[in-house]
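Let me begin by presenting the structure, written as structure tokens, before commenting on it.
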Amino acid sequence: MKSIIVGDTVPAGQFKNIQWGPELEDKLACGVPRELTTDAFKGKKVVIVSVPGAFTPTCHVNHLPPYLAKYEEFKAKGVDDIYVLAANDVFVMSGWATAQGLKDKIVAISDTYAKWSESMGLSVDLTAMGMGVRTARYVLILDDLKVVSLEARVPGTYYIERSLTRYDDLLQKEPGRGLTNTDADTTLSKL
């Protein structure tokens, strides 16, 4: 499958989301799923941070938190919305958003079965690790649905080729390993 490139318009996509509200501070509240489409990106500058999985070591500890910490820097550079996307179900994404303290700053969306990411050549098969087909680690900067920047972790690199146990060992020795060009600072430099 051909990957999307800078200058392309993203394909139409459908996502699930649970909109943040104060009631979600109650850890027993689940929220009500709603549908979102790529229409939410129309006429806006958005950053989409895609991760292989919510609550996974690199995504949870190293990848997403700097985006939240630098939220005001993204806004100062004209970003209207930041989304974090994964193939996890909408309830896991909502729980992760609550655990991360995203509130109304970063919107957690579920790319169910990684279909949207797959349509752009940005999915990865982690079946050998027991995770199935997932969204690859990538960051898209969109301006009115057009790709302004695309940074992606190339499938077949370290985290896919090694066992999860070995990768966890590596993360303890090299905490930022695996982010390469999809980290918050690199993304800010592209704006």
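Numbering (this note's numbering), first residue to last: 656 to 846.
For each residue, glycine too, the CB sits at the ideal point set by N, CA and C.
Through-space distance from residue j to residue i, alpha-carbon basis
i, j, result
"R689", "N743", "15 Å"
"P707", "S749", "16 Å"
"I796", "W771", "16 Å"
"A684", "G662", "41 Å"
"G676", "V702", "22 Å"
"S705", "G686", "22 Å"
"K700", "G785", "35 Å"
"D736", "S804", "15 Å"
"A741", "L846", "23 Å"
Segment limits, alpha helix (DSSP H) that includes residue i
i, result
"S844", "839-845"
Per DSSP, the bridge partner or partners of residue i
i, result
"N875", "There is simply no residue 875 to check, as the chain begins at 656 and stops at 846 in what is shown."
"T664", "K801"
Segment limits, beta strand (DSSP E) that includes residue i
i, result
"L705", "Here residue 705 is Ser; the residue named in the question, Leu, does not match the sequence. Unbroken beta strand (DSSP E) run through S705: 700-705."
So, do the stretch 757-769 and the stretch 671-682 have three or more beta carbon pairs nearer to each other than 8 Å? Touching, per the Cβ criterion.
Beta strand (DSSP E) runs contained entirely in the stretch 717-741, provided each spans 3 or more residues: Taking only runs of at least 3 residues, the beta strand (DSSP E) segments lying wholly in the stretch 717-741 are 736-741.
Which residue spans inside the stretch 748-816 form an unbroken alpha helix (DSSP H) run of at least 4? Listed in chain order, the alpha helix (DSSP H) elements of length 4 or more contained wholly in the stretch 748-816 are 770-774, 813-816.
Do the stretch 693-703 and the stretch 773-786 meet, that is, are 3 or more Cβ pairs less than 8 Å apart? As far as the Cβ criterion goes, the stretch 693-703 does not touch the stretch 773-786, which means the pair count is below three.
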